[in-house]
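Here the structure is laid out as structure tokens; the discussion comes afterwards.
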Amino acid sequence: PSTFQDVPRAPPDVIFNLTATYKADTFEKKVNLGVGAYRDDNGKPWVLPVVKKAEREIINDPELDHEYLPITGLPSFKEASIKLILGADNPAIKEKRVVAAQTISGTGANHLGALFLSRFYRKGSIVYVSNPTWANHKPIFNNVGFETRDYAYYDPKTIGLDIGGMLDSLENAPEGSIILLHACAHNPTGVDPTQEQWKAIADVMEKKKHFPFFDCAYQGFASGDLDRDAWAVRYFVERGFELLVCQSYAKNFGLYGQRAGCLTFVLRDSETAPKVDSQLAKLQRAEISNPPAHGARIVSLVLNDPALFEEWVENLKTMSFRIQEMRRRLYVNLTELDTPGTWNHITDQIGMFSFTGLKPHQVKLIKEKYHVYLTDNGRISMAGLSSKNVEYFAKAVDDVVR
Ligand code: PLP
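Numbering (full-length UniProt numbering), first residue to last: 20 to 421.
In structure tokens form, the structure reads like this:
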């Protein structure tokens, strides 16, 4: 018998499982609103034209080789990533108190950040995540030994932010807790704090000496404006917080499978920076030795070339505007059908995801009767909607909520 015969079978990943069920469905009008990846109006993956262009340039470079990158990644990629999230003229950069490591996309950034904190942040600290949050947050922190707890975030009654509850949770958390914050386009709710609310959040966190752990998986994708989507992170830096931020280029570059990401630390002084840098290198070495090159080369080329950068911004707008247009059309369709309930949240929420407010039994019904696939919490990926299926989806929603 196998040494591992008593290993309990783990449940399949909910999202990946949903996609598999969708693929196996032979119904013609089936709709997949589960997966968090951009789709064009024909429901197809979209390779950004600027990415194609950069890729050609990289491949045609006669000097290209496939040597290892440095342990903490491609220097030009890291520098550009820091500037992208903090703003090129952020004083923290000039003061040499920012360090970064290239990671296995946003997941790897979260992991390396969590791993570093598990070694070097005060022992016994608790990580607070929003209720709800991205399904992978708790497992990532639990895997490196952290206890995770929820802070109040989403209010099902208003389908919006429970700011009072959130501030209370932060106030009641033990001093010096690690607080995971979604920089923009909150996943799964699509509900973000306003700038005024961010200020109140910063006030409590400063008072309680909490550590901000920003996860930024959708910069530029949320509003179509890179600076606006980075506002909260920059505001916390300006307030003098020591913090870290995880960046993913999966969504905003469409480089899902390339695993290009970055973990950035903003420290209080420049003496600490090389120490943190050296420990990140040590941790990374034992885990992946060094990060993958291809995606990082594409991102670096685009971010460091003004003409390509401009083209990227246009590509980003194509994606974020199509999503906003789908929000608008879904809202209009539901309003025209006079669907019971209020639907303003569809257009108020931002980013790739929307919490529809559909209850689990309605989700079950819409799946069985209309072959529309979404997670049980009622979250839909706006990217799965198109001019071809938005009306069908609206009618399905209308039917199941009546
Ligand atoms: N963080 C959040 C909030 C996300 O929604 C995602 C992707 O869905 C990620 C991080 C990381 O994704 P990736 O590892 O593909 O960059």
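Built from N, CA and C at the ideal position, the CB exists for glycine as well.
| query | With respect to the beta strand (DSSP E) encompassing residue 236, which residues constitute its N-terminal and C-terminal limits? | reply | Here residue 236 belongs to no beta strand (DSSP E), and DSSP marks it neither H nor E.
| CA-CA distance, residue 114 and residue 288? | 8 angstroms
| Runs of beta strand (DSSP E) wholly within the region 161-231 (minimum 3 residues, chain order) | 166-171 and 197-201
| Coarse secondary structure for residue 258, derived from DSSP in three states | coil
| task | Could you please go through the chain and list the residues whose beta-carbon is closer than 5 angstroms to any non-hydrogen atom of ligand 1? | result | 55, 124, 125, 126, 153, 206, 234, 236, 267 and 269
| request: Closer than 7 angstroms by C-beta to residue 141: which residues in its own chain qualify, once you throw out the five before and the five after it? Chain order, please. | output: 195
| query | Under 9 angstroms, do residue 144 and residue 230 count as touching if we go by C-beta distance? | reply | yes
| field | residue 308, buried or exposed, once every other Cβ within 10 Å from all chains shown has been counted against 16 | value | exposed
| query | Around the C-beta of residue 430, are 16 or more other C-beta atoms found within 10 angstroms, so that it is buried, or is it exposed? | reply | This structure cannot settle anything about residue 430, because the visible part of the chain is limited to 20 through 421.
| query | When the distance is taken between beta carbons, is residue 363 closer than 9 angstroms to residue 410? | reply | no
| query | Would the beta-carbon of residue 236 fall within 9 angstroms of that of residue 266? | reply | yes
| field | Endpoints, alpha helix (DSSP H) assigned at residue 90 | value | Segment: none, residue 90 is in no alpha helix (DSSP H) and carries neither H nor E.
| request: Pick out the complete alpha helix (DSSP H) segments inside the region 304-351, 4 residues or longer, and give them in chain order. | output: 313-323
| request: Report the residue ranges of all beta strand (DSSP E) runs contained in full by the region 115-147; include only those spanning at least 3 residues, in chain order. | output: 117-123
| message | Tell me the rounded alpha-carbon separation between residue 139 and residue 327. | response | 39 angstroms
| task | Compute the Euclidean distance between the alpha carbons of residue 385 and residue 38, then round it to the nearest angstrom. | result | 16 angstroms
| query | Between which two residues does the beta strand (DSSP E) containing residue 283 stretch? | reply | 279-285
| query | Where does residue 264 fall in DSSP's three states? | reply | strand
| said: Just to confirm my understanding: we take residue 188, look at its own chain, exclude 5 residues before and 5 after, and list those with CB closer than 8 angstroms. What are they? | reply: 147, 169, 170 and 171
| Can you give the Cα-Cα distance for residue 223 and residue 177, rounded to whole angstroms? | 23 angstroms
| task | Pick helix, strand or coil for residue 272, following the three-state DSSP scheme. | result | coil
| When the Cα atoms are used, what is the spatial distance from residue 125 to residue 273? | 13 angstroms
| message | Going by DSSP, what residue range makes up the beta strand (DSSP E) through residue 35? | response | Element bounds for residue 35: not the beta strand (DSSP E) but the alpha helix (DSSP H), 33-43.
| message | Let me make sure I understand the geometry here. Which of 21, 75 and 40 has the alpha-carbon closest to that of residue 313? | response | 75
| field | Segment contact flag, the region 203-211 with the region 287-303, C-beta cutoff 8 angstroms, min 3 pairs | value | no
| request: Less than 8 angstroms between the CB atoms is what I'm expecting for residue 270 and residue 240, so what's the real figure, rounded? | output: 5 angstroms
| field | With 16 other Cβ atoms within 10 Å as the buried cut-off, status of residue 35 | value | exposed
| Got a sec: is the Cβ-Cβ distance from residue 340 to anything in chain B below 9 angstroms? | Note that chain B does not occur in the displayed structure, where there is just one protein chain.
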